[in-house]
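Every position in the sequence shown, counted from 1, becomes a number in the numbering used here once 6 is added.
Idealized CB from N, CA, C, for every residue including glycine.
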Amino acid sequence: MRNVTIAIDAAVSAKFPELLCGAFIVKGLTGIDAGQFLVNAETLKARLAAEGLTEETVLTHPAISGWRRAIQTLGLKAAKFRSSAEQLVRRAARGDEIKAPGDLVRLYCQLSALHVAPLGGYDIQSLPSTDIVVRFACPTDDFHPLGGTDGEMDLHDRIIVYAAGSDVICWAFNVRDDRRTALTEHTSMALFTTEAVFPEQRAASCRALSELRENLVSAGASASPILWTTGDLIQLTSGL
7 MRNVTIAIDA
17 AVSAKFPELL
27 CGAFIVKGLT
37 GIDAGQFLVN
47 AETLKARLAA
57 EGLTEETVLT
67 HPAISGWRRA
77 IQTLGLKAAK
87 FRSSAEQLVR
97 RAARGDEIKA
107 PGDLVRLYCQ
117 LSALHVAPLG
127 GYDIQSLPST
137 DIVVRFACPT
147 DDFHPLGGTD
157 GEMDLHDRII
167 VYAAGSDVIC
177 WAFNVRDDRR
187 TALTEHTSMA
197 LFTTEAVFPE
207 QRAASCRALS
217 ELRENLVSAG
227 ASASPILWTT
237 GDLIQLTSGL
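Here's what the structure looks like:
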């Protein structure tokens, strides 16, 4: 069994004092039917529209505009480097299928779009270290962007990352995961995360992570409680 610790570095807390990160561990994922909770593209589009979220209103949503402000603070162009929530909401609001490798990934991507909150998923067995720190990047860090080219995303001291040792597992808060620790159809134990930079984003992040956990438990997996941190070290245990 592997336990995971997560902490927010003091320098990050000083820059974003309202940053809140949440996470849980789940095991027994192999063979569960995550697809039973999926909806089709038109249904997802309709559910977003019922909440006033359309292609035309994406940028005015407070959670999306908040993430854009946060990403700009990192020295990035928010129109180019969109938060994972914005990327998924845009697809869903167009009525496009959220394509992902496997139902488990599709499920957390759909929930991210539905709640307009970032969700990340990582294969625990693939983590180089289970001591995760939300910190500023270092030029010597190692990052291999999922669906991207090595070296195309800068690692400088304004970029906030999820890091396992010197390996970056997620870049610019939640913009891009590392392909080495991404979930696959063979993942049996995973770490799921979310974060909120501003207080008005917290309720949505809580709902998204809670619904994901409830779905996975209903499907037969075992999950730890969700733990939250604004800087203090939290320990998630896989000895469920």
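Mind reading off the beta-carbon distance from residue i to residue j? Whole number of angstroms is fine, and I expect it under 8 Å.
| i | j | result |
| --- | --- | --- |
| Val-181 | Gly-72 | With a Cβ gap of about 14 Å, Val-181 and Gly-72 do not count as contacting. |
| Glu-134 | Gly-171 | It should be noted that the sequence gives Pro, not Glu, for residue 134. Yes, they are in contact, since the Cβ atoms of Pro-134 and Gly-171 sit about 6 Å apart, within 8 Å. |
| Gly-101 | Glu-48 | 6 Å |
| Ile-77 | Ala-69 | So it is not a contact: roughly 13 Å between Cβ atoms. |
| Ser-194 | Thr-36 | 5 Å |
| Ala-227 | Ile-38 | 5 Å |
| Ala-40 | Leu-110 | 5 Å |
For residue i versus residue j, is the C-beta spacing smaller than 8 Å?
| i | j | result |
| --- | --- | --- |
| Ile-232 | Gly-34 | no |
| Asp-184 | Val-174 | yes |
| Asp-129 | Thr-11 | no |
| Ala-196 | Val-64 | no |
| Asp-238 | Val-139 | no |
| Leu-113 | Asn-221 | yes |
| Ala-229 | Arg-219 | yes |
| Ala-98 | Leu-54 | yes |
| Thr-243 | Asn-9 | yes |
| Leu-25 | Trp-234 | no |
| Phe-30 | Phe-198 | yes |
Please report the straight-line C-alpha distance between residue i and residue j, rounded to a whole angstrom.
| i | j | result |
| --- | --- | --- |
| Phe-149 | Gln-241 | 24 Å |
| Gln-116 | Ala-17 | 32 Å |
| Arg-213 | Glu-206 | 13 Å |
| Asp-156 | Ala-178 | 15 Å |
| Ala-188 | Gly-126 | 9 Å |
| Phe-87 | Leu-50 | 24 Å |
| Tyr-168 | Arg-141 | 7 Å |
| Ser-132 | Leu-59 | 36 Å |
| Thr-20 | Thr-236 | A small fix is needed here, since residue 20 is Ala in this sequence, not Thr. About 11 Å. |
| Val-223 | Gly-153 | 29 Å |
| His-67 | Val-95 | 11 Å |
| Ala-56 | Leu-120 | 11 Å |
| Pro-151 | Glu-158 | 8 Å |
| Ala-123 | Ala-225 | 22 Å |
| Gly-108 | Ala-143 | 30 Å |
| Glu-201 | Glu-92 | 14 Å |
| Ala-52 | Arg-186 | 34 Å |
Starting from residue i, follow the beta strand (DSSP E) in both directions and report where the run begins and ends.
| i | result |
| --- | --- |
| Asp-184 | Neither: Asp-184 is in no beta strand (DSSP E) and is coded neither H nor E. |
| Glu-206 | Where Glu-206 is concerned, there is no enclosing beta strand (DSSP E), given that its DSSP letter is neither H nor E. |
| Leu-248 | Examination of residue 248 is not possible in this model, given that the chain is present from 7 through 246 alone. |
| Glu-103 | Taken as a continuous stretch (DSSP letters only), Glu-103 belongs to no beta strand (DSSP E), as it is neither H nor E. |
| Thr-193 | Per DSSP, Thr-193 belongs to no beta strand (DSSP E) and is neither H nor E. |
| Thr-11 | 10 to 14 |
| Thr-155 | Segment: none, Thr-155 is in no beta strand (DSSP E) and carries neither H nor E. |
| Ile-240 | 240 to 242 |
| Ala-85 | Element bounds for Ala-85: n/a, residue is neither H nor E. |
| Asp-147 | Counting along the chain, Asp-147 falls outside any beta strand (DSSP E), and DSSP gives it neither H nor E. |
I'd like the span of the alpha helix (DSSP H) that includes residue i, first residue to last.
| i | result |
| --- | --- |
| Asp-137 | Where Asp-137 is concerned, there is no enclosing alpha helix (DSSP H), although the beta strand (DSSP E) it sits in stretches over 137 to 142. |
At 3 residues or longer, and completely inside the segment 16 to 82: list those beta strand (DSSP E) runs for me, N to C. Complete beta strand (DSSP E) runs here, min 3: 26 to 33.
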